[in-house]
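Note sheet for the following structure.
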Amino acid sequence: MKENYDIPEDLTRDLREGRRLISSSQGWFDLASSREFKLTSVHIGPFHSKEEGQYYTHAVGLVSNTEAYGEYHEALIWLPRLKSYGAWDASHEELHIFPGQTWTTMKADLLPFIESQWGSSREGKRTFQKRTVHRPNTHPGAFDFIPYRLKDQIKAASDDEILKLLKRSETSILKHPNLASLTDAYFALANAYHRLGKNNPAEENSWKEKCIRILEYYPKNRFYHEREGAEIWGWASPEKNLLILRELLNKEEKQPEYAGGASLVSSYLIHSPQEMKPLLELAQDLKHTFAVLRCLYVAKRWALTVVNDRLAARLKGNKTAMLSLDDLIVAVENRILSAPESYSESEIHEVRHGRVADRISKGWEHLRKKEYSKTEEWLASVLGEYPENGEALFLDARLVWIRSGSVEEGWKRATENLSKVNRADTSGIGKLHNCIGCALDEIGRFSEAIESLRLAEESDPKESIYPANRAEMFWKLGDEKSASLYARKSKKMGNKSEIVETILKKTAKPSQIRWESLLKEWEKSGLSDKEFCARENLSKKAFAHWRRKTFR
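Number 168 in the numbering used here belongs to position 166 of the sequence shown; there are no gaps in the numbering.
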């Protein structure tokens, strides 16, 4: 929606070029030239507990930059709907206006107007009226009320109720684009359009157009609804869906697949199952190739394993989409393997391991059933394709150990296999070191086992079993302090094994045991911290300390 900001002529004429104002208390303020005015909105409220929302009005930001506050356009503003100049205190969300002032009457000494929002007592003869807006209804038509939690209301509403909600709030929201404070409101409208379009095929295209248009309302770099809105964007426009995916990848998130990438891929394939070319083109960009592949991996895993997720279920139920997903994975993997010099060793390993992981799992299944010949068959298949795969070499060592019944033979094979493993396969290396450590434990060489387990943990520091195994070795050597240290470390990583719990219980100090007992009682009581401390006559400071220590 285009608004008329009705900028006064004396303002645009005076600020054909910007200029700097110097304040003794707040540093400098750069006035923008008229070409650089910021067309925006400011918000205030709520003003009482029953008001579930805020009031918005249009503003023209006249300040381009400041020394003390950085980019702060609203330090001095023109308010077209109030026909007044003002200043918006962003930290307190307060709007101060200067009734009766024009640019001509203000321009000779602007600093008092800017600084008035901070209650500055600048010396000088100038006096003027400043009024803080506390009652928007005293300015009829100047403010738009936009409710909080509109998305939740839409989720719980029927289609007829959604239409009523749109009638009340849609126009108000659409008057105010590019505001970070309204990103949830924009997304609420997208949800409404999606619901109404899906339930009314005759008008679906018009609701899709509205949905696409709302994407233009988000301020730059403030779009965070990739995952939550993936189903909506794929429905509204596969092209926009891919654009959102590309922009997500450009953010350089550490794990874009979990930040929405996998969901966007799923949604795209559901709605365009035979249109693989655009995704392959996105994967051609070396910056994005591996990120796209991980998005594909996760989309497939979720489709096959996640329950109670509508997007995953829809993808799984779409045979064409699932076949396209498999074809895409193979195509991107082939692209990576055909140009190994363009990727890291760990990335190449991940692709190669992904191609044999299912076969390794099959091998373990047969080993657990003591079907050794079948385990050998799966191993031969894996090692024929990827002879340096650490997890397959670990399975090989375990097969030798269990089949022969000899700890020494298992230890020997694991040691031999360590020299064969791909150095990028840190998980496999960790497993082989752990295998050696377990063998040394079996024959009572606990000190040597600790060193092998240290190497395992060093190779794969995210695996909680390695510090747990080190704790057990120290425990067997009678080193309770070290045992407790590694048991605590393992537990923090999520390990709940019997040996970890035993070590922690037996090495706990009396005060720790007492507080752990009290905290369990507090969890069951349903009382607040304050109520429980009063009932048990406990120090609130000590209670807070032990709660952090126990539950972190």
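All C-beta atoms, glycine included, are put in the ideal place defined by N, C-alpha and C.
This structure is a prediction, so every number in the text was calculated from the model and none was measured.
When DSSP states are grouped into helix, strand and coil, K526 belongs to the helix group. If you check the CB distance, V502 and A470 come in under 7 angstroms. DSSP, read as helix, strand or coil, puts I148 in strand. Taking W366 as the centre and dropping the five residues before and after it, the same chain places the C-beta of L397 closer than 7 angstroms to its C-beta, in chain order. Taking the C-beta atoms as reference points, E233 is found no nearer than 7 angstroms to L152. For I24, DSSP records a beta bridge to W30. Taking a 10 Å sphere around the C-beta of I24, we find fewer than 16 other C-beta atoms and assign the residue as exposed. Contact between the stretch 349 to 358 and the stretch 380 to 388 is present: 3 or more CB-CB pairs across the two stretches fall below 8 angstroms.
Under the three-pair Cβ rule at 8 angstroms, the stretch 52 to 62 does not count as touching the stretch 107 to 124. For I467, the enclosing alpha helix (DSSP H) begins and ends at I467 to K478.
Around H351, the same chain offers N424, A426 and D427 as residues with beta carbons nearer than 7 angstroms, after the five sequence neighbours per side are excluded. For N419, the three-state secondary structure derived from DSSP is helix.
At a Cβ-Cβ threshold of 7 angstroms, F145 and T59 count as neighbours. Within the same chain, and ignoring the five residues on either side of S344 in sequence, the residues whose Cβ sits closer than 7 angstroms to its Cβ are L288. Nearest neighbour of A305 by Cα position, chosen from V267, A293, S274 and V332, turns out to be V267.
Bridge pairing for E96: D91 [DSSP]. When the beta-carbon positions are compared, P221 and A264 stay at least 7 angstroms from each other.
Put simply, the stretch 515 to 522 does not touch the stretch 477 to 492. Fewer than three CB pairs are less than 8 angstroms apart. Residue environment analysis places G143 among the exposed positions, since fewer than 16 neighbouring C-beta atoms fall within 10 angstroms of its C-beta.
In the three-state reduction of the DSSP assignment, S239 falls in the coil class. Between P101 and Y7, the C-beta spacing is not below 7 angstroms. In the DSSP assignment, G55 falls within the unbroken beta strand (DSSP E) covering G55 to G63.
Note: H368 is not bridge-paired with any residue in the DSSP secondary-structure output. With a threshold of 16 other beta carbon atoms within 10 Å, A70 falls short and is exposed.
Burial check for S541: the Cβ neighbour count within 10 Å stays below 16, so the residue is exposed. In this structure I272 touches R316 by the C-beta definition: roughly 5 angstroms separates them, less than 8 angstroms. Contact fails between the stretch 150 to 165 and the stretch 129 to 142, because fewer than three Cβ pairs, one in each stretch, are under 8 angstroms apart. Contact between the stretch 159 to 177 and the stretch 187 to 202 is present: three or more C-beta pairs spanning the two stretches fall below 8 angstroms.
Cβ-Cβ separation between I505 and A473: approximately 6 angstroms, consistent with a contact (criterion under 8 angstroms). For N67, the secondary structure class from DSSP, reduced to helix, strand or coil, is strand. Here the alpha carbons of K256 and M495 stand approximately 20 angstroms from one another. Between the alpha carbons of L325 and I331 lies a gap of roughly 10 angstroms.
Taking a 10 Å sphere around the C-beta of A341, we find fewer than 16 other C-beta atoms and assign the residue as exposed. Ranked by how close their Cα comes to the Cα of W403, the residues E393, E373, T307 and A441 have A441 in first place. Ranked by Cα distance from A110, the options K40, D16 and S171 are led by D16. With 16 or more neighbouring CB atoms inside 10 Å of its own CB, F189 falls in the buried class.
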